[in-house]
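Student: Residue numbers (this note's numbering): 1345 to 1681. The beta carbon of each residue, even a glycine, is placed where N, CA and C say it ideally should be. Below is the structure I would like to discuss, written out as structure tokens.
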Ligand code: FO1
């Protein structure tokens, strides 16, 4: 990022996919130049503790302590707590490692002491030495309810206890009508210094849609001067991780990058879209939706992949003439590499 021109980047993220791109972005951007806004509709109260999976996946990833194998929880984990809980007949379907447990205990303590989820997250990130700003999408409770053929399920019951097996017919975000975007979330979107707003390759329905459904977010995204670019979570007709592809199929949507592009396009939110080389054949159809499309490698296996995709996505965004907001500054962005 060159100085002078707008230098801040805002990433909208769910769990694993979003955290990978956020890590790439954090390697490119100095600390306060990156804000990661996380979905909190997966959050739930379990064993008397507030669990915030997407916040924790992003925090642990940026803090370098994430469990790369599972995509959630911490590395070098031990399971004494869960073992002891099992002996007491406690619920062990949601696996809480000993290190991870400390996060839930400290977060719950702070929340009970009256801190907002934003304040708690800021304190935890500081303790973990994370330079980027990590924010919950809201300080108010929003809870995804998964509508299935066998009835309604809380998100974690659907995702973990039932292993995403039930057929999905829809989603509901309980609390969305009264929840407000966290103050710093809207400020980041409207910040004149924001050069790009990136919708990370997270599940469009249960990770990104709750963020977008919060009052004021979509209208702010349309109004902001910063280009909004989404990275497709679907590559080659499959989700890189998680149930997005299965959900799309069950909702009768084409399980394609185009399908995801349409999902966002119909609400006029994006200035550009990033798809994988595997799906290059769909670029023309996405461009026909009015979405300039970058075709590149979007599957992030290595740290170098994460950094490259972050750099390419930012350069792509900066070179888009955002359809909204003020005309590009006098110091218009340098041509992308
Ligand atoms: N996902 C699982 O599939 N099984 C688990 O036992 C599990 C435990 C867990 C503990 C803490 C945490 O922050 C996340 C955990 N997850 C687990 C992942 C979680 O359900 C998902 O990360 C999100 O809700 C979806 O993005």
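(1) Give me the Cβ distance between residue 1393 and residue 1449, rounded to the nearest whole Å; I'm assuming they're in contact under 8 angstroms.
(2) Between which residues of its own chain and residue 1590 is the CB-CB distance below 7 angstroms, once the five residues before and five after are set aside?
(3) Using only CA atoms, which one of 1567, 1492, 1659 and 1383 lies nearest to residue 1520?
(4) By alpha-carbon positions, which one of 1357, 1350, 1352 and 1351 ends up nearest to residue 1553?
(5) Quick check: does the Cβ of residue 1397 come within less than 6 angstroms of any heavy atom belonging to ligand 1?
(6) How should residue 1494 be labelled, buried or exposed, when 16 other C-beta atoms within 10 angstroms of its C-beta is the threshold for buried?
(7) Suppose you measure from the CA of residue 1643 to the CA of residue 1412; what does that come to, to the nearest Å?
(8) Along the chain, which unbroken stretches of the alpha helix (DSSP H) at least 4 residues long are found entirely within the segment 1437–1502?
(9) Find out if the Cβ-Cβ distance for the pair residue 1363, residue 1405 is shorter than 7 angstroms.
(10) With a threshold of 7 angstroms on Cβ separation, who are the neighbours of residue 1473 within its own chain once the five nearest residues in sequence on each side are excluded?
(11) If you count every other CB in all the chains shown that lies within 10 Å of the CB of residue 1587, and 16 or more means buried, which is it?
(12) Would you mind stating whether residue 1550 and residue 1478 have Cβ atoms separated by less than 7 angstroms?
(13) What's the C-alpha gap between residue 1570 and residue 1537?
(14) Give me the Cα-Cα distance between residue 1574 and residue 1430, rounded to the nearest whole angstrom.
(15) Have a look at residue 1671 and residue 1548 and give me their C-alpha separation to the nearest angstrom.
(16) Using only the alpha-carbon positions, how far apart do residue 1354 and residue 1517 sit?
Tutor: This is what the structure holds:
(1) Sure, about 7 angstroms apart at Cβ, within 8 angstroms.
(2) These residues qualify, in order along the chain: 1508.
(3) That would be 1383, whose Cα lies nearest to the Cα of residue 1520.
(4) The shortest Cα separation from residue 1553 among 1357, 1350, 1352 and 1351 belongs to 1357.
(5) Indeed, a heavy atom of ligand 1 lies less than 6 angstroms from the Cβ.
(6) Counting other Cβ atoms within 10 Å of its Cβ, residue 1494 stays below 16 and is therefore classed as exposed.
(7) Cα-Cα distance, rounded: 15 angstroms.
(8) If only uninterrupted alpha helix (DSSP H) runs of at least 4 residues are considered, those enclosed by the segment 1437–1502 are 1442–1456 and 1461–1471.
(9) A contact, by the Cβ cut-off of 7 angstroms.
(10) The residues 1407, in chain order, have a CB closer than 7 angstroms to that of residue 1473 in the same chain once the five nearest residues on each side in sequence are set aside.
(11) By the 10 Å Cβ count, residue 1587 comes out buried.
(12) Here residue 1550 is not near residue 1478, since their CB atoms are 7 angstroms or more apart.
(13) Distance between the alpha carbons of residue 1570 and residue 1537 is about 9 angstroms.
(14) Straight-line measurement puts the Cα of residue 1430 at about 42 angstroms from the Cα of residue 1574.
(15) Unreliable placement is indicated for residue 1671, whose pLDDT of 42 sits below 50; no coordinate value is reported for it.
(16) Each residue's alpha carbon lies about 23 angstroms from the other.
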